[in-house]
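Asker: Under my numbering, the first residue of the sequence shown is numbered -9, with each subsequent residue one higher. Glycine is no exception: its CB is placed at the ideal position from the N, C-alpha and C atoms.
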Amino acid sequence: SISERYSKSSNRLFFLDYDGTLVKFQNHAQKATPTTLLYNLLDNIISDPLNTLVIISGRSQESLSSWFDGRSYYLVAEHGIWSNFPNFNWSYKKGLALHWMPEVKKLMEKLADQTPGAFIEVKPYSLAWHYRKVELGLGELKATELKEILNPMLNDYGLQLLDGNAVIEVKNTEVNKGKAALEIAGHIKADFMLAIGDDITDEDLFRYLPQSTISIKVGSNKSAAKYYLDEQEDVLQFLHQLIIK
(Lines of atoms letter the chains of each structure in order from A and count residues from 1; the text may use other names and numbers.)
(Lines give C-alpha, C1' and ligand atoms only; values in the text may rest on other atoms or scores of the structure.)
Protein backbone atom coordinates (compact mmCIF):
# COMPACT_ATOMS: atom_id res chain seq x y z
CA SER A 1 0.00 0.00 0.00
CA ILE A 2 1.02 3.64 -0.33
CA SER A 3 1.29 4.10 3.44
CA GLU A 4 3.50 1.01 3.72
CA ARG A 5 5.82 2.36 1.04
CA TYR A 6 5.83 5.68 2.86
CA SER A 7 6.78 4.25 6.24
CA LYS A 8 9.51 2.00 4.79
CA SER A 9 11.21 4.76 2.79
CA SER A 10 14.16 6.85 3.93
CA ASN A 11 14.09 9.80 1.52
CA ARG A 12 10.76 11.16 0.32
CA LEU A 13 9.88 13.73 -2.29
CA PHE A 14 6.43 15.35 -2.59
CA PHE A 15 5.42 17.26 -5.73
CA LEU A 16 2.17 19.11 -5.09
CA ASP A 17 0.28 21.37 -7.48
CA TYR A 18 -1.42 24.39 -5.89
CA ASP A 19 -4.76 25.53 -7.42
CA GLY A 20 -7.36 22.78 -7.51
CA THR A 21 -5.06 20.47 -5.55
CA LEU A 22 -4.03 22.15 -2.29
CA VAL A 23 -6.71 24.87 -2.48
CA LYS A 24 -10.11 25.17 -4.14
CA PHE A 25 -10.41 27.21 -7.32
CA GLN A 26 -11.60 30.76 -6.64
CA ASN A 27 -13.26 33.27 -8.98
CA HIS A 28 -10.60 35.79 -8.01
CA ALA A 29 -7.19 34.16 -8.29
CA GLN A 30 -5.83 36.25 -5.39
CA LYS A 31 -8.48 34.83 -3.06
CA ALA A 32 -6.98 31.35 -3.28
CA THR A 33 -4.68 32.02 -0.34
CA PRO A 34 -3.49 29.12 1.84
CA THR A 35 -5.61 28.40 4.89
CA THR A 36 -4.15 27.89 8.36
CA LEU A 37 -5.14 24.25 7.97
CA LEU A 38 -3.06 23.98 4.80
CA TYR A 39 -0.02 25.68 6.34
CA ASN A 40 -0.23 23.28 9.29
CA LEU A 41 -0.46 20.26 6.99
CA LEU A 42 2.51 21.35 4.84
CA ASP A 43 4.58 22.21 7.91
CA ASN A 44 3.74 18.78 9.32
CA ILE A 45 4.98 17.12 6.13
CA ILE A 46 8.36 18.86 6.32
CA SER A 47 8.69 18.49 10.09
CA ASP A 48 9.85 14.97 9.18
CA PRO A 49 13.51 15.32 8.13
CA LEU A 50 13.04 12.50 5.59
CA ASN A 51 10.54 14.60 3.62
CA THR A 52 11.18 17.21 0.91
CA LEU A 53 8.18 19.22 -0.26
CA VAL A 54 7.90 20.90 -3.66
CA ILE A 55 4.97 23.16 -4.52
CA ILE A 56 4.90 23.19 -8.30
CA SER A 57 2.46 25.63 -9.87
CA GLY A 58 1.55 27.73 -12.87
CA ARG A 59 1.32 30.70 -10.49
CA SER A 60 3.70 33.62 -10.72
CA GLN A 61 6.70 33.64 -8.45
CA GLU A 62 5.26 36.73 -6.68
CA SER A 63 2.17 34.76 -5.61
CA LEU A 64 4.14 31.79 -4.32
CA SER A 65 6.63 34.09 -2.57
CA SER A 66 3.90 36.05 -0.85
CA TRP A 67 2.40 32.85 0.56
CA PHE A 68 5.38 30.63 1.28
CA ASP A 69 8.43 32.86 1.76
CA GLY A 70 10.53 31.84 4.74
CA ARG A 71 9.15 28.30 4.84
CA SER A 72 11.33 25.31 4.03
CA TYR A 73 9.48 24.30 0.89
CA TYR A 74 10.85 24.11 -2.62
CA LEU A 75 8.81 26.39 -4.88
CA VAL A 76 8.43 26.09 -8.65
CA ALA A 77 6.47 28.87 -10.40
CA GLU A 78 5.16 29.46 -13.93
CA HIS A 79 5.23 25.69 -14.68
CA GLY A 80 8.99 25.47 -14.16
CA ILE A 81 10.38 28.81 -15.30
CA TRP A 82 11.15 29.98 -11.76
CA SER A 83 12.47 27.90 -8.88
CA ASN A 84 13.26 28.74 -5.30
CA PHE A 85 14.94 26.29 -2.96
CA PRO A 86 15.02 26.78 0.82
CA ASN A 87 17.63 29.42 1.83
CA PHE A 88 18.26 30.46 -1.80
CA ASN A 89 16.93 33.26 -3.99
CA TRP A 90 14.60 32.70 -6.93
CA SER A 91 16.34 31.67 -10.12
CA TYR A 92 14.82 31.45 -13.58
CA LYS A 93 15.38 29.41 -16.69
CA LYS A 94 17.59 31.59 -18.84
CA GLY A 95 17.50 32.03 -22.60
CA LEU A 96 13.74 31.77 -23.10
CA ALA A 97 12.38 33.58 -26.15
CA LEU A 98 9.94 36.40 -25.44
CA HIS A 99 9.48 37.94 -28.89
CA TRP A 100 6.13 36.16 -29.29
CA MET A 101 4.51 37.85 -26.29
CA PRO A 102 3.31 41.20 -27.75
CA GLU A 103 1.52 39.52 -30.66
CA VAL A 104 -0.17 36.85 -28.53
CA LYS A 105 -1.10 39.46 -25.91
CA LYS A 106 -2.76 41.62 -28.57
CA LEU A 107 -4.87 38.67 -29.77
CA MET A 108 -5.82 37.77 -26.20
CA GLU A 109 -6.77 41.39 -25.46
CA LYS A 110 -8.97 41.56 -28.54
CA LEU A 111 -10.98 38.53 -27.36
CA ALA A 112 -11.05 39.73 -23.75
CA ASP A 113 -12.63 42.98 -24.96
CA GLN A 114 -15.45 40.95 -26.55
CA THR A 115 -15.91 38.78 -23.44
CA PRO A 116 -17.20 40.51 -20.27
CA GLY A 117 -15.39 39.07 -17.25
CA ALA A 118 -12.39 37.70 -19.15
CA PHE A 119 -8.98 39.06 -18.19
CA ILE A 120 -5.34 38.53 -19.11
CA GLU A 121 -2.64 37.67 -16.62
CA VAL A 122 0.78 38.75 -17.83
CA LYS A 123 3.54 36.72 -16.20
CA PRO A 124 7.21 37.37 -16.99
CA TYR A 125 7.43 34.41 -19.38
CA SER A 126 3.87 33.34 -20.13
CA LEU A 127 0.40 34.73 -20.79
CA ALA A 128 -2.89 33.47 -19.38
CA TRP A 129 -6.41 34.27 -20.59
CA HIS A 130 -8.80 33.69 -17.68
CA TYR A 131 -12.52 33.18 -18.15
CA ARG A 132 -13.62 31.92 -14.72
CA LYS A 133 -15.79 35.03 -14.21
CA VAL A 134 -17.40 34.88 -17.67
CA GLU A 135 -21.03 33.87 -18.14
CA LEU A 136 -21.27 30.08 -18.50
CA GLY A 137 -21.19 28.98 -22.13
CA LEU A 138 -19.80 32.27 -23.43
CA GLY A 139 -16.43 31.69 -21.75
CA GLU A 140 -16.06 28.24 -23.30
CA LEU A 141 -17.12 29.57 -26.70
CA LYS A 142 -14.59 32.41 -26.64
CA ALA A 143 -11.86 30.11 -25.28
CA THR A 144 -12.40 27.81 -28.28
CA GLU A 145 -12.21 30.81 -30.59
CA LEU A 146 -8.96 31.92 -28.95
CA LYS A 147 -7.45 28.44 -29.35
CA GLU A 148 -8.35 28.42 -33.05
CA ILE A 149 -6.65 31.81 -33.51
CA LEU A 150 -3.52 30.83 -31.56
CA ASN A 151 -3.01 27.25 -32.77
CA PRO A 152 -1.45 28.13 -36.15
CA MET A 153 1.20 30.28 -34.40
CA LEU A 154 2.36 27.71 -31.86
CA ASN A 155 4.83 25.79 -34.03
CA ASP A 156 6.37 28.89 -35.57
CA TYR A 157 7.15 30.36 -32.18
CA GLY A 158 7.91 27.12 -30.29
CA LEU A 159 4.97 27.62 -27.95
CA GLN A 160 2.63 25.36 -26.03
CA LEU A 161 -1.02 26.14 -25.39
CA LEU A 162 -2.39 24.86 -22.09
CA ASP A 163 -6.14 24.42 -21.90
CA GLY A 164 -6.60 24.55 -18.14
CA ASN A 165 -9.44 25.05 -15.69
CA ALA A 166 -11.19 28.20 -17.06
CA VAL A 167 -7.85 29.44 -18.40
CA ILE A 168 -5.96 29.31 -21.68
CA GLU A 169 -2.24 29.72 -21.11
CA VAL A 170 0.59 30.11 -23.61
CA LYS A 171 4.24 29.43 -22.75
CA ASN A 172 7.49 28.17 -24.28
CA THR A 173 7.50 24.46 -25.11
CA GLU A 174 10.84 23.87 -23.38
CA VAL A 175 9.28 24.65 -20.02
CA ASN A 176 6.97 22.25 -18.23
CA LYS A 177 6.32 20.88 -14.77
CA GLY A 178 7.69 17.46 -15.70
CA LYS A 179 11.12 18.76 -16.70
CA ALA A 180 11.28 20.97 -13.61
CA ALA A 181 10.35 18.06 -11.34
CA LEU A 182 12.85 15.74 -12.99
CA GLU A 183 15.63 18.24 -12.35
CA ILE A 184 14.80 18.37 -8.63
CA ALA A 185 14.43 14.58 -8.47
CA GLY A 186 17.94 14.34 -9.93
CA HIS A 187 19.38 16.22 -6.94
CA ILE A 188 17.34 14.47 -4.27
CA LYS A 189 17.77 10.74 -4.46
CA ALA A 190 14.33 9.81 -3.17
CA ASP A 191 13.10 6.26 -2.66
CA PHE A 192 9.50 7.50 -2.33
CA MET A 193 8.09 10.00 -4.81
CA LEU A 194 4.56 11.34 -4.78
CA ALA A 195 3.01 13.72 -7.34
CA ILE A 196 -0.50 15.17 -7.06
CA GLY A 197 -2.23 17.49 -9.53
CA ASP A 198 -5.59 18.24 -11.10
CA ASP A 199 -4.90 19.99 -14.37
CA ILE A 200 -3.62 19.37 -17.89
CA THR A 201 -0.26 20.88 -16.87
CA ASP A 202 0.18 18.15 -14.27
CA GLU A 203 0.11 15.46 -16.94
CA ASP A 204 3.73 16.41 -17.76
CA LEU A 205 4.53 15.80 -14.11
CA PHE A 206 3.00 12.32 -14.24
CA ARG A 207 4.68 11.45 -17.54
CA TYR A 208 8.21 12.66 -16.84
CA LEU A 209 8.72 11.31 -13.33
CA PRO A 210 10.04 7.74 -12.88
CA GLN A 211 7.64 4.83 -13.23
CA SER A 212 7.85 4.13 -9.48
CA THR A 213 6.32 7.54 -8.64
CA ILE A 214 2.94 7.48 -6.89
CA SER A 215 1.01 9.79 -9.21
CA ILE A 216 -2.46 11.01 -8.28
CA LYS A 217 -4.91 12.92 -10.43
CA VAL A 218 -7.60 15.02 -8.73
CA GLY A 219 -10.95 14.82 -10.50
CA SER A 220 -11.97 11.94 -12.73
CA ASN A 221 -10.51 13.02 -16.05
CA LYS A 222 -8.44 10.63 -18.12
CA SER A 223 -4.87 10.85 -16.97
CA ALA A 224 -1.38 9.39 -17.05
CA ALA A 225 -1.58 9.18 -13.24
CA LYS A 226 -1.86 5.81 -11.51
CA TYR A 227 -4.40 6.85 -8.87
CA TYR A 228 -7.38 9.18 -8.58
CA LEU A 229 -8.94 11.33 -5.90
CA ASP A 230 -12.45 12.68 -6.49
CA GLU A 231 -12.04 16.24 -5.30
CA GLN A 232 -9.71 18.81 -3.85
CA GLU A 233 -10.70 18.22 -0.19
CA ASP A 234 -9.70 14.56 -0.59
CA VAL A 235 -6.10 15.64 -1.22
CA LEU A 236 -5.71 17.22 2.21
CA GLN A 237 -7.33 14.23 3.89
CA PHE A 238 -5.10 11.80 1.98
CA LEU A 239 -1.91 13.70 2.87
CA HIS A 240 -2.97 14.03 6.49
CA GLN A 241 -3.59 10.29 6.80
CA LEU A 242 -0.35 9.45 5.00
CA ILE A 243 1.92 11.38 7.35
CA ILE A 244 0.24 10.50 10.65
CA LYS A 245 2.67 8.42 12.63
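Would Gly48 be called buried (16 or more neighbouring beta carbons within 10 Å of its own) or exposed?
Answerer: buried
Asker: Out of Gly154, Leu12, Leu27, which one is the CA nearest neighbour of Asp224?
Answerer: Leu12
Asker: Kindly confirm or deny that the stretch 38 to 46 and the stretch 215 to 223 touch, where touching means at least three C-beta pairs closer than 8 Å.
Answerer: Under the Cβ criterion (8 Å, minimum of three pairs), the stretch 38 to 46 does not count as touching the stretch 215 to 223.
Asker: With H, G and I counted as helix, E and B as strand and the rest as coil, what does DSSP make of Glu111?
Answerer: Three-state DSSP puts Glu111 in a strand.
Asker: To the nearest angstrom, report how far apart Trp72 and Ser62 are at their CA atoms.
Answerer: 16 Å
Asker: Going by C-alpha distance, which of Ser53, Lys123, Ile186, Gly129 is nearest Ser213?
Answerer: Ile186
Asker: Please name the residue or residues paired with Gln150 in a DSSP beta bridge.
Answerer: Lys161
Asker: Within a Cβ cutoff of 6 Å, which residues of the same chain sit near Thr42, ignoring the five residues on either side of it in sequence?
Answerer: Leu3, Ile178
Asker: Which residues mark the beginning and the end of the beta strand (DSSP E) in which Asn30 is found?
Answerer: Here Asn30 belongs to no beta strand (DSSP E); instead the alpha helix (DSSP H) covers 26 to 37.
Asker: Use the C-beta contact count for Phe78: other C-beta atoms within 10 angstroms, 16 or more gives buried, fewer gives exposed.
Answerer: exposed
Asker: Taking Tyr121 as part of the alpha helix (DSSP H), name the residues at either end of that continuous run.
Answerer: Careful: Tyr121 lies outside any alpha helix (DSSP H) and carries neither H nor E.
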